[in-house]
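Structure first, then comments.
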Amino acid sequence: MPKKRLILISLFIILTIVYGCSKEERDSNKLGIVVSIVPLQEFTEKIGGDKVTVNVMVPPGASPHSYEPTPNQLVNVSKAKMYVKVGTPVEFELVWLDKIISTNVNMVVVDASKNVKLHRMNDKHDHEKEHDQEKNSDDHKNKGYDPHIWLSPKNAIIMVENIHKALISLDPKNKEYYTSNKEAYIKELNKLDSEIKKALSSKKVKTFMVFHPAWGYFARSYNLEQMPIEEGGKNPTARGIQNLINQAKEYNAKVIFASPQFSTKSAEVIAKEIKGHMVLIDPLKKDYINNLRKVSQAFSEL
Ligand SMILES: [Zn+2]
12 MPKKRLILIS LFIILTIVYG CSKEERDSNK LGIVVSIVPL QEFTEKIGGD KVTVNVMVPP
72 GASPHSYEPT PNQLVNVSKA KMYVKVGTPV EFELVWLDKI ISTNVNMVVV DASKNVKLHR
132 MNDKHDHEKE HDQEKNSDDH KNKGYDPHIW LSPKNAIIMV ENIHKALISL DPKNKEYYTS
192 NKEAYIKELN KLDSEIKKAL SSKKVKTFMV FHPAWGYFAR SYNLEQMPIE EGGKNPTARG
252 IQNLINQAKE YNAKVIFASP QFSTKSAEVI AKEIKGHMVL IDPLKKDYIN NLRKVSQAFS
312 EL
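Residue numbers for the sequence shown follow my numbering, so the first one is 12 and each next one is one higher.
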């Protein structure tokens, strides 16, 4: 029956058109953006909504301190209109960013860390030093600085502002849309900040022990202090572990925090020794707000 056959052929052609093209082709009317880490993807999507397609370089579960991009990811970069970098001395960017940018010189590169005050790793609350810090943004590449700026909601707000500013200059016709999305998200971030402040202000134990020291900016925002287990990115020695056990006993720690991107072995050893337990907290989760809510709850239960 020729008519039936004709219908089948037309159907086949339509299906080929609809499903045959790649995700990128279907999204071709959207702005292609690439970002370094998952929290930046969240921030960019919150502002960009359905006008953007965001690809992340360091995938969920991988560590930005060691990840290497795949050739496929570099192809994504070559099609992007914008790249959002953390802008701090995080190894992924120190090692790969120049190469990534060189694959697409026309892409707008946004420094999410612009206007964020960086602190040195293991810096105590030395306010004198903070004011001395150079304004030069190249200084943000200095290896002595703690790269994990996104884990303080106040910093997240500055990062969101930076991304928003770049988006509206790249795509001015959707300015109103981006701005109203941004305002709504900043409202949520401010709410999160007050919630955490409230939850943690009455806490008696101010020091917490964590395997990978990603929580320096978080700790600083809420008057806490992190005690890292890891030593310069490596597992501690047996002697180091013994010292940490002694310290943990000294201030009566009962919870040891670890992150899913790293081995939890030494955290488990210490937790067992002090008859406490280990809790996983993730510095790179997609749902930023709920993740920090969960983390603050874990800290408030110390
Ligand atoms: Zn880290």
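Where a beta carbon is used, it is the ideal one built from N, C-alpha and C, also for glycine.
- Placement of the Cβ of Ala309 at a distance of 7 Å or more from every heavy atom of ligand 1 is found.
- Within its own chain, the residues whose Cβ lies closer than 8 Å to the Cβ of His175, once the five positions on either side in sequence are excluded, are Ile58, Tyr189, Thr190 and Lys193, listed in chain order.
- Shown here for Glu53: same chain residues with a beta carbon closer than 8 Å to its own, the five before and five after excluded, namely Lys297, Asp298 and Tyr299 in chain order.
- By a beta-carbon distance limit of 8 Å, Val97 contacts Ser47. Their separation comes to about 5 Å.
- Proximity of the beta carbon of His130 to ligand 1 is not indicated: no heavy atom of the ligand is located closer than 7 Å.
- Taken through DSSP and simplified to helix, strand or coil, Gln272 comes out as coil.
- A distance below 8 Å between beta-carbons, with the five flanking residues on each side excluded, links Val216 to the following residues of its chain, in chain order: Tyr262, Asn263, Ala264 and Leu313.
- With a cutoff of 7 Å, Pro294 counts as near ligand 1, since its C-beta is closer than that to a heavy atom of the ligand.
- Its Cα nearest to that of Asn117, the residue Ala91 stands out among Pro50, Ser307 and Ala91.
- Distance between Lys202 and Val63, taken at the CA atoms: about 26 Å.
- Pro71 is not bridged by DSSP to any residue.
- By the criterion of at least three beta-carbon pairs nearer than 8 Å, the stretch 80–91 is not in contact with the stretch 156–174.
- For a cut-off of 8 Å, the C-beta gap from Ser277 to Ile252 is around 6 Å, short enough to register as a contact.
- Partner residues in a beta bridge of Gln52, as assigned by DSSP, do not exist.
- The alpha carbon of Thr114 has as its nearest neighbour, out of Val101, Ser89 and Trp107, the alpha carbon of Ser89.
- Residue range Leu42 to Val46 is occupied by the beta strand (DSSP E) that includes Ile44.
- When distances are taken from the beta-carbon of Ala225 to the heavy atoms of ligand 1, the shortest one is below 7 Å.
- Beta bridge pairing from DSSP links Phe219 with Gln237.
- In this structure, Met220 is the residue among Ser213, Met220 and Asn185 with its C-alpha nearest to the C-alpha of His288.
- In this structure, ligand 1 has a non-hydrogen atom nearer than 7 Å to the beta-carbon of His76.
- At a Cβ-Cβ threshold of 8 Å, Phe103 and Pro71 do not count as neighbours.
- The alpha-carbon of Val306 is positioned some 23 Å away from that of Ser124.
- Glu241 counts as buried, since no fewer than 16 other beta carbons sit within 10 angstroms of its beta carbon.
- The residue among Val49, Ser212 and Lys110 with its C-alpha nearest the C-alpha of Ala230 is Ser212.
- A distance below 7 Å between beta-carbons, with the five flanking residues on each side excluded, links Glu236 to the following residues of its chain, in chain order: Lys217, Thr218 and Ala230.
- Counting along the chain, Asp109 sits inside the alpha helix (DSSP H) bounded by residues Glu102 to Ser113.
- 8 Å or more divides the Cβ of Tyr94 from the Cβ of Val127.
- Boundaries of the alpha helix (DSSP H) harbouring Lys193: Lys186 to Ser212, taken from the DSSP string.
- When secondary structure is reduced to three states using DSSP, Met170 falls in the helix class.
- In the same chain as Lys260, and ignoring 5 residues on each side of it, the C-beta atoms closer than 7 Å to its own belong to Ile285, in chain order.
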